[in-house]
Amino acid sequence: MSTTKEIWVFAEQRNGRIAGVVNELLSKAQELAEKSGFEVAAVLPASGCADLCQELFNYGAKKVYTLDDPKLADYQNDYYSRAIAALINDKKPEIVLYGATTIGRSLAPTVAVMVDAGLTADCTQLDYDTEGCNLLQTRPAFGGNIMATIICPDHRPQMATVRSNVFKKEKLGDSEAGETIEYPVDLSGVPERMRRIEVVHEDDNTIDLNAAQYIVSGGRGVGKPENFKIIYDLASELGAAVGASRATVDAGWISHHHQVGQTGKTVCPVVYVACGISGAIQHLAGMQSSDVIVAVNKDPDAPIFDVADFGLIGDLHVIVPEFQKQIAAFKA
Amino acid sequence: MNIVVCIKQVPDSDKVTIDRETNRLNRAGVPSIINPFDENALEMALQLKDKHGGKVTVISMGPPQAVEALRTALSHGADDAILISDRKFGGADTWATSYTISLAIKKLEVQPDIILFGKQAIDGDTAQVGPGVAHFLDLPMLTYAKAVEPTDAGFKVEKVTEDGYEIWEIDKPAAFTVVKEANQLRMPSLKKKMAAKKAEIPTWGFDDLNPIEENIGLAGSPTKVSKIFAPPVKLNKEILSGEPAEMITELIQKLKERNVL
Ligand SMILES: Cc1cc2nc3c(=O)[nH]c(=O)nc-3n(C[C@H](O)[C@H](O)[C@H](O)COP(=O)(O)OP(=O)(O)OC[C@H]3O[C@@H](n4cnc5c(N)ncnc54)[C@H](O)[C@@H]3O)c2cc1C
Ligand SMILES: Nc1ncnc2c1ncn2[C@@H]1O[C@H](COP(=O)(O)O)[C@@H](O)[C@H]1O
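Heads up: the protein sequence lines correspond to chains A and B, in order.
Mapped onto the working numbering, the consecutive letters of the first sequence carry residue numbers 1 to 332.
Mapped onto the working numbering, the consecutive letters of the second sequence carry residue numbers 1001 to 1261.
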């Protein structure tokens, strides 16, 4: 099978803004490029792409394939999948990476069956095996109980989705050079079978969990919805976002936008403070790669302490307000 | 309205552990359940049927014991069930699974107006089979559906996104993957439970579906598992206990030393 020796990153944009995960993937792709000798390229479906290419160059794309068409202004699965599949079938890249966003997780599996490629979801590590010439795609399975490394030896491209905040992004400069390739799009044969008619933003979080440097999360140990106040108070003192375990979301104490974990958000702050969270494997799956983890729990055997850098054994209703008080004093 | 729901039988991942010596899953005694998200897909189907009439068919692909998941679905109110099972289908990844399930749906006497999937299966968490099946059947597909209402031409759908939701219109027939927030599965009725025990559930195998052989099972799966291992654990943790005020003073000191405050 003859392929173009390229690693592609799907350059997801919403309202003309590139998703953060795209830049993280470009940084990772560069690392893979050094090992494999492949070149890093981005694929940008949009309507009016010119302004967005520079950002992609700045994070390491050497090339950007633009798919410029009014029908590609916003994500629509039929149009996006067909446009990208046509490009893949023509250029035959070695690797295609997608952010595991609500868009990437719909698009990538559709493209995978269209172009007959393997796809590994939610990878937490990517590496390149120079001997076998395979992308090593590592991800948790069975709710995080095991890790599995997946390869696609006989199919190209090798495709993977990665959640945001799993890899670190690294900007190379402000005016990196790169080549823009305007690839022709023909969607005339694709019937219009679905239309987005309304977009509603309802995030009540003052600080975006995905971008937060500090996160304070509450679990069932918080006791009741009103008690989340002490979590919010500590968070605002720290300039932190508020996270939550699924138990508290299911109980209706806090909205699901705050849920951290396997079925919530994956976060990677500098400091993650888990208060009254037992540390179920599904919760750990979403916060384990935080730089420093602080756990407050009254049960010394809680599994959260297995991943904590600093474990505080005791009652969160005393410890959390004390933490807030001392942070306030520290800042003063 | 003809509704198909795809359900997967999975080990209850809450109860799976790993043997850190052998890196194998301790699956002995771990109960099998209907994938939790598929319960939401099933409930959505039952509600659509309650409101608009029609028939709910549940389909599962797996080993012979997956028939139990189908019986459970019947006891909750599904009308019909089909098991896709054959040694030759074993080892299928999401690509081969999507292909095989799509053949079974094509074989149904009455083609569905709507096909529902769970958001993802909790054993693999891939969320790939829904979009895959939809493509093999050339159907429009929306993921993360929270509410689906029939319209004249198709459906109006509320789709959950990272920071809110979107409303879509989609032509009939269509496929959706359903999120947990959509609903909660109703209780099984005693009468249906009894009937489900005795229900004849057909098994469709290789000869029934007549697949292209290189598209099924292990051979039809582009992805291969090359290694399985236990997740790493943190070793240099510090446990603080004692008076809250002292604990916090020490913590803040340590966070400063780490340059994170
Ligand atoms: C398919 C699936 C997906 C899932 N996805 C997620 C997910 O994305 N995110 C997630 O979080 N969970 C997820 N879960 C649920 C997960 O398994 C746990 O049930 C959940 O994380 C538990 O939440 P918790 O730690 O708040 O509650 P609990 O497990 O009840 O823990 C509460 C903790 O608080 C401590 N505590 C109680 N009172 C105090 C006090 N006064 N002071 C200090 N400590 C106290 C207790 O010792 C205990 O450790 C998922 C489960 C499944 C099956
Ligand atoms: N073997 C299977 N049999 C029936 N449905 C399945 C099977 N595997 C996956 N599905 C469906 O596809 C959804 C997504 O599964 P997955 O792609 O494995 O995460 C599940 O929630 C089910 O609705």
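Note that beta-carbon positions come from the ideal geometry of N, C-alpha and C, so glycine has one too.
Check: 8 Å contact criterion, which Gly1118 of chain B and Val1178 of chain B should meet: CB distance rounded; Outcome: 6 Å
Check: Cβ pair count under 8 Å reaching 3, the segment 1131-1149 of chain B against the segment 169-176 of chain A; Outcome: no
Check: Gly1130 of chain B, enclosing alpha helix (DSSP H) - first and last residue; Outcome: 1129-1136
Check: Presumed contact (8 Å Cβ cut-off) between Val270 of chain A and Tyr214 of chain A, rounded CB distance; Outcome: 6 Å
Check: Any chain A beta carbon closer than 9 Å to Trp1095 of chain B; Outcome: yes
Check: CA-to-CA distance, Ser1013 of chain B to Val296 of chain A, given in whole angstroms; Outcome: 25 Å
Check: Three-state class that DSSP yields for His155 of chain A in the structure shown; Outcome: coil
Check: Minimum C-alpha distance to Val199 of chain A - residue among B:Gly1217, B:Tyr1165, B:Glu1068; Outcome: B:Tyr1165
Check: Closer than 7 Å at the beta carbon, the chain B residues around Phe323 of chain A; Outcome: Ile1248
Check: Ile277 of chain A CB to nearest heavy atom of ligand 1 below 8 Å; Outcome: yes
Check: Tyr1165 of chain B - partner residues in DSSP beta bridges; Outcome: A:Val200, B:Val1160
Check: beta-carbon Gln137 of chain A near ligand 1 non-hydrogen atom, thresh 8 Å; Outcome: no
Check: Contacts of Pro1131 of chain B in chain A (Cβ-Cβ under 7 Å); Outcome: Ser106, Pro109, Thr110
Check: Range of the contiguous beta strand (DSSP E) that encloses Met1061 of chain B; Outcome: 1055-1061
Check: Check: His257 of chain A C-beta below 8 Å from any heavy atom of ligand 1; Outcome: no
Check: Residue-chain proximity (Ala1245 of chain B, chain A), Cβ-Cβ < 9 Å; Outcome: yes
Check: Three-way DSSP call (helix, strand, coil) for Gly1154 of chain B in this model; Outcome: strand
Check: Asp250 of chain A, DSSP secondary structure in three states; Outcome: helix
Check: Proximal chain A residues relative to Lys1146 of chain B, where beta-carbon distance stays under 7 Å; Outcome: What Lys1146 of chain B touches in chain A: nothing, since even the nearest Cβ is about 11 Å away.
Check: Contact test: Ala1066 of chain B Cβ vs ligand 1 heavy atom, cutoff 8 Å; Outcome: no
Check: Chain-ordered neighbours of Pro153 of chain A on chain B, where CB pairs are closer than 7 Å; Outcome: Lys1224
Check: Reference Leu1083 of chain B; option with closest CA among B:Thr1203, B:Glu1257, B:Ala1219, B:Ala1245; Outcome: B:Thr1203
Check: Cβ pair count under 8 Å reaching 3, the segment 1062-1082 of chain B against the segment 1043-1052 of chain B; Outcome: yes
Check: Whole-number beta carbon distance between Asn134 of chain A and Pro153 of chain A, since they are thought to touch under 8 Å; Outcome: 6 Å
Check: Near ligand 2: Val111 of chain A beta-carbon under 8 Å from a heavy atom; Outcome: no
Check: Buried or exposed (CB count within 10 angstroms, at least 16 for buried), Val1141 of chain B; Outcome: According to the sequence shown, residue 1141 of chain B is Met rather than Val. Buried, by the Cβ-count rule.
Check: Chain A within 9 Å of Val1160 of chain B, Cβ atoms only; Outcome: yes
Check: Where the segment 143-167 of chain A meets chain B: residues whose CB sits under 8 Å from a CB there; Outcome: Gly143, Gly144, Asn145, Ile146, Met147, Ala148, Thr149, Ile150, Ile151, Cys152, Pro153, Asp154, His155
Check: Where Lys1180 of chain B falls, given that 16 or more other Cβ within 10 Å makes a residue buried; Outcome: buried
Check: Spatial distance of Asp1050 of chain B from Asn77 of chain A (CA atoms); Outcome: 30 Å
Check: Which of helix, strand or coil DSSP assigns to Arg195 of chain A; Outcome: strand
Check: Neighbour flag for Ser1241 of chain B against chain A, beta carbons, 9 Å; Outcome: yes
Check: Own chain partners of Gln282 of chain A with C-beta closer than 8 Å, once the 5 adjacent residues on each side are dropped; Outcome: Gly143, Gly144, Arg246, Gly261, Gln262, Thr263
Check: Contact set between Met287 of chain A and chain B, taken where Cβ atoms lie within less than 8 Å; Outcome: Those within 8 Å of Met287 of chain A in chain B number zero; the least Cβ separation is about 12 Å.
Check: Environment of Leu1074 of chain B [buried if 16+ CB atoms lie within 10 Å]; Outcome: buried
Check: Cross-chain neighbours of Arg1186 of chain B in chain A, by beta carbon under 8 Å; Outcome: Within chain A, no residue comes near Arg1186 of chain B; the closest Cβ sits about 18 Å away, beyond 8 Å.
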